[in-house]
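Have a look at the structure below before the remarks.
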Amino acid sequence: MPQENLNKPPESFLRFFRWYCHPDYLEDLEGDLLERFERNADRNSIRSAKTGFVKDVIKLFRPGIIRPLYSNQQLNDLGMLKNYITIATRNLLKQKLYSSINIGGLAVGLSCFIMIFIYVQHELSFDNFYSHKDNIYRIYQRQLGNMYQGTDYFAVTPAGLASTFTAESSEVENATSVVQRPVLLTADEASFFESGLWTDKEFFNIFDYEFIKGNARKAFEQPMAIVVTESFATKLFSETNALGRSIVVSSHYGDHEYNVTGVIKDLPSNSSLQFTYVLNLASDPQYLKSLKNTVWRNSNYQTFCLLKPKADPTALQDQLSDITRKYEGENENEPAEKAYYIQPLSELHLESNINFDIGLKGNVHYLMLFSGIAIIVLILACVNYMNLAIARSIQRAKEVGLRKVIGAIRRQLIAQFLGESVFIALMALVIAIALSYWLLPYFGLIIERPLRLDLVDNPLLLPILSGLILFVGLFSGSYPSIFMSSLKPVNTLKGQSTHLSPKMKLQSILIVVQYTASIVLIISSLVIYLQFDFIQNKELGYNKDHIIVVNTRSAELRKNFDPVKNELLKQSSILSVSTSNFLPSNIGSSTTVYSTPDNVEAEITMYNNSVDYDYLKTFGIELAAGRDFSLDLDSDRSNVIINETAAKTLGWTPAEAIGEQFFQGQNPRIVVGVVKDFHMFSMHLAIQPLMLTLRRDYFSYASMKVSPNSIQSTILSIEEAIQQHSKHPFEFQFMDDEFDRLYKADIKLGKIFGTFTVISVLIASLGLFGLAAYTTKQRTKEMGIRKILGASVRTIVSLASQDFLKMVIIGFILSIPIAWFLMDIWLQDYAYHIGLEWWVFAVSGLIAAILSLLTVGSQSIKVSLENPVNTLRSA
Amino acid sequence: MGKYHLGEFEEIVLLTVAILKDEAYGIAIIDEMESRLKRSVSIGALQTVLRRLEKKGFLESKFGEATKVRGGKRKRYFSLTAYGKKVLTETKEQRMGLWNAIPEFAFSRI
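Chains as they are written, first to last, in the working numbering: chain A, 1415 to 2289; chain B, 27 to 136.
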């Protein structure tokens, strides 16, 4: 026994060797070492054998033999991770079609979401850059019952309100009057006709614009002061340092010279107040006069006020009512009772129900509609992604079985599937970000907002997107991962995986959801399209073709228009010329008239338009009764022509109305003609009572009916004739363009809605296609057997398609009430609209059915045509 | 074909493995080299080269049966791969080519 012990090599060195040696080499190397030791011990001495052993162990301690630095466990984890990635990529590449449908669909849906999110965020960010933004309120009024273009709210207030309010309210720090007015500005020989602000010196204390040159507090010390933006200064003087330069302002007060007292930075794109210059209101004689009024009469100015810190808006509202009541006074001539309200600045941009409002407007309905679309498209894309991910993962039952046999525990499998799912969703996100980065400028162009994708500066977008991806990835991964990891390896490896596939209940529900949403969108697009078609083709009651409209801003031109008109009419290409205050497409002025001179009875809001002799002729407006204004009769100055609606409102038929009269104040108006109703607003609003009065000295437009030939040269000759009497830049448009402008917002909406409908239908079709392709593939054997037993191609196709068709039909049935409800709301916004007819729904359902038949049918036909020998022989 | 130039020791190890044929495991290789070449070789030096050659694909290895000697540890037998054989032959031919290129008189002068 001791002999045995002595023959053993030094234990410590053996242990050292075992510790450092690479595990793969350990056994045979240890054997070699021991063999040599044993031989040495036999031949020489134990001692030299031990020394030799130690030497060998030390000499073996070299790279190539030593184990790697990482321990076994970590090595395996890295390997598994590598394996997961390899398997994931292989799976993606193996099913290129499904992978691209899957990732592409999600990417498109996500980019729609990103773009609309940025749009909505931009709309909600309006006016958030002022340092007092939370304390700035604006004041508006309601003239009860004085309906004008659909609402009796008005943004204009009396001139005296700002200063009175500052003096008498305990909550108000400061208030300013603002009015937007276009004038002609001339500097260094160059003239620009632009719309800008007229305001008082408090303006810059409330809205703290950054002054590049000059001082905000001293800017309006002198009345003849103007502050311009950086880019406008560059436009006028070719440099930003415009301080002290003079600009001639031509308005209806004549030409006056103003001094530039400040240059401010260009306004951000999310500013409601958009202007290039600000003029001192103290140089406006009309304003100064109305400031002196002790009783407020006219409302012409927007009023903004800055509240004291910690002021109470409800107390302010009470004080406002008290103060305004005091100054309004009892006024016999006031047609309507007035009430004043305050509104925070943040609501200004999306407020669209107030007449004569200031600033760039957004549309709260569009915002909601787009958000809805974004969410629908996103849901569609996510549903799609989940459906395909679930379908695809079921094919991997064998992989799961094998992994389990080798020793994968359930948690690892779940982690693998979840991780893979999140990873693929992440790929979609990267593509979506690239896509929206590229598409956003075009989208911005359509909706007229300078949109920009900035992931770094945008504090909300990235977290939301990451959260979304995590959710989509985890949700779509959770079902397959939990289901797959519960499979018994014995079953899956025996090849029973197909029997184990869930009955597609979840997937069926998801497909029905997709189709419901898609059909709702198809119906809506169709209704929107039909409504636009209806608007475009509805009999307007006036002619909009071949009419050139010139803006007549110059007072000199208006004074000398008769010779100009005669000169124009000498040309054979100009058929008639008419001047008017408004174009027939948009009548922008109203007054109150009464049927009796004591102004007690039958109060009517009557829209009015002052025109000249040739208005009806130029625009082709037809008379229902009576006559047009006549050059021969001087009395026509107080006579009016009314429309059928006005006649009806006053209780006359068109024929009865001739010779009748109504009263504007004390002045009688005698009806000499009744015109047939024409659409005097956009189709959103109903036709209202209208009177045309004869007035030739003041007008805004000169309209010319021209012959359609050689329009270019006609325009040139018109410009020549007009510009003899006008310093203003020559501005003209075609009447039909002017008409289209009424529906610019609607057309914009239609375009975007159509695009998103196509996208979402595409996504839904892709999803259906992917799923159909997958399920038919799974049923190839069944189809093969059916074929052998004598099934025809037609039976097999219908068998494979009917499940999907059923889902589409359910989706269709569900979509009808939703679409009907939504479109009914939308159509209510138009005074003149189409009815919701059954065939619209039928056509939409048919479109969806055909699309789904095509996608599903292509797959099932492919299967049914295959030779059963091939389908049945394959493993 | 990427040329791999065998080192001197590598060449000797490959040749010895070839000589030993089915009996080429660590100690046997050392013994063979020591007896034929009269130079002592440490396990460490040999094993590093063996593993390197195996990784390069010149050699392959398999475990033998466990025996009572060597503490019950199995032997790892090395053998030449086709690639290894090819490299060896090439090396030999290069050498022979060099030898053949030596002019007769140059040698005889020495």
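Each residue gets a CB set at the ideal place from its N, CA and C atoms; glycine is no exception.
Residue i and residue j: beta carbons closer than 8 Å?
i	j	result
PHE1543 (chain A)	CYS1719 (chain A)	no
VAL1677 (chain A)	ILE1626 (chain A)	yes
PHE2146 (chain A)	ARG1972 (chain A)	no
LEU1901 (chain A)	VAL1814 (chain A)	yes
PHE1831 (chain A)	GLY1891 (chain A)	yes
MET2149 (chain A)	ILE1961 (chain A)	yes
LEU1611 (chain A)	VAL1692 (chain A)	yes
MET2105 (chain A)	ILE2056 (chain A)	yes
ALA2214 (chain A)	VAL2277 (chain A)	yes
ILE2035 (chain A)	PHE2092 (chain A)	yes
VAL1641 (chain A)	THR1600 (chain A)	no
GLN73 (chain B)	ILE1804 (chain A)	no
SER2096 (chain A)	LEU2156 (chain A)	yes
ALA1521 (chain A)	ILE1828 (chain A)	no
THR1728 (chain A)	SER1591 (chain A)	no
Indicate whether at least one CB of chain B lies closer than 8 Å to the CB of residue i.
i	result
ILE1460 (chain A)	no
GLU2280 (chain A)	no
GLN1417 (chain A)	Model confidence at GLN1417 (chain A) stands at a pLDDT of 45, short of 50, so the residue's coordinates are unreliable and nothing is read from them.
THR1912 (chain A)	Note that THR1912 (chain A) scores 49 on pLDDT, short of 50, meaning its location in the model is unreliable; the coordinates nonetheless yield the value given after this. With 8 Å as the cut-off, THR1912 (chain A) does not count as an interface residue toward chain B.
GLU1813 (chain A)	no
ILE1479 (chain A)	yes
LEU1447 (chain A)	yes
LYS1908 (chain A)	no
Tell me where the beta strand (DSSP E) around residue i begins and ends.
i	result
ASP1669 (chain A)	1668 to 1678
VAL1593 (chain A)	1586 to 1601
TYR1691 (chain A)	1691 to 1694
LYS1818 (chain A)	No beta strand (DSSP E) contains LYS1818 (chain A), which is instead part of the alpha helix (DSSP H) from 1811 to 1820.
TRP125 (chain B)	Element bounds for TRP125 (chain B): not the beta strand (DSSP E) but the alpha helix (DSSP H), 108 to 127.
TYR2115 (chain A)	2115 to 2120
PRO1758 (chain A)	1752 to 1758
THR1613 (chain A)	1604 to 1613
CYS1719 (chain A)	1713 to 1721
ARG1556 (chain A)	1550 to 1557
ARG96 (chain B)	No beta strand (DSSP E) holds ARG96 (chain B); DSSP gives it neither H nor E.
Once you ignore the five residues that flank residue i on each side, which residues in its own chain have a CB closer than 8 Å to its CB?
i	result
LEU1681 (chain A)	TYR1623, THR1643, LEU1687, GLN1688, PHE1689
PHE2077 (chain A)	VAL2007, TYR2008, SER2009, THR2010, PRO2011, ASN2013, ARG2083
Only counting the same chain, and skipping five residues up and downstream in sequence, which positions put a Cβ closer than 6 Å to that of residue i?
i	result
ASN1801 (chain A)	GLN1921, LEU1924, GLY2181, LEU2185
ASN1694 (chain A)	PHE1634, PRO1637, ALA1639
GLU34 (chain B)	none
CYS1796 (chain A)	VAL1886
PHE1948 (chain A)	ILE2248
PHE1527 (chain A)	ALA1788, LEU1792
SER1539 (chain A)	ASN1684
Please work out which residues of its chain come closer than 7 Å, Cβ to Cβ, to residue i, disregarding the five sequence neighbours upstream and downstream, and give them in chain order.
i	result
VAL67 (chain B)	ILE56, MET59, GLU60
MET1415 (chain A)	Bear in mind that the predicted position of MET1415 (chain A) carries a pLDDT of just 36, short of 50, making it unreliable; the figure below should be weighed with that in mind. Cβ neighbours of MET1415 (chain A) beyond the five flanking positions: none.
ALA2135 (chain A)	VAL1978, GLU1981, LEU1982
THR1912 (chain A)	Note that THR1912 (chain A) has pLDDT 49, beneath the 50 cutoff, so the model's placement of it is unreliable and no number is given.
Using a C-beta cutoff of 8 Å, does residue i count as contacting chain A?
i	result
ALA50 (chain B)	no
LYS101 (chain B)	yes
GLY33 (chain B)	no
THR74 (chain B)	yes
ILE53 (chain B)	yes
GLY70 (chain B)	yes
MET27 (chain B)	With a pLDDT of only 41 at MET27 (chain B), under 50, the local geometry of the prediction cannot be trusted, and the value read off the model is given with reservation. No, MET27 (chain B) lies away from the interface with chain A (no Cβ there is under 8 Å from its Cβ).
VAL39 (chain B)	no
Taking residue i and residue j to be in contact with their CB atoms under 8 Å, please state how far apart those CB atoms are, rounded to whole angstroms.
i	j	result
GLU1444 (chain A)	GLY97 (chain B)	7 Å
SER1968 (chain A)	HIS2139 (chain A)	6 Å
ARG1450 (chain A)	ILE53 (chain B)	6 Å
ASP2028 (chain A)	VAL1991 (chain A)	6 Å
VAL2085 (chain A)	ILE2072 (chain A)	6 Å
ILE1860 (chain A)	LYS2158 (chain A)	Not confirmed; about 11 Å, so no contact.
Assuming residue i is part of the alpha helix (DSSP H), what are its boundary residues?
i	result
PRO1424 (chain A)	Where PRO1424 (chain A) is concerned, there is no enclosing alpha helix (DSSP H), given that its DSSP letter is neither H nor E.
LEU2030 (chain A)	2029 to 2033
MET2105 (chain A)	That residue, MET2105 (chain A), is in no alpha helix (DSSP H); its beta strand (DSSP E) goes 2104 to 2108.
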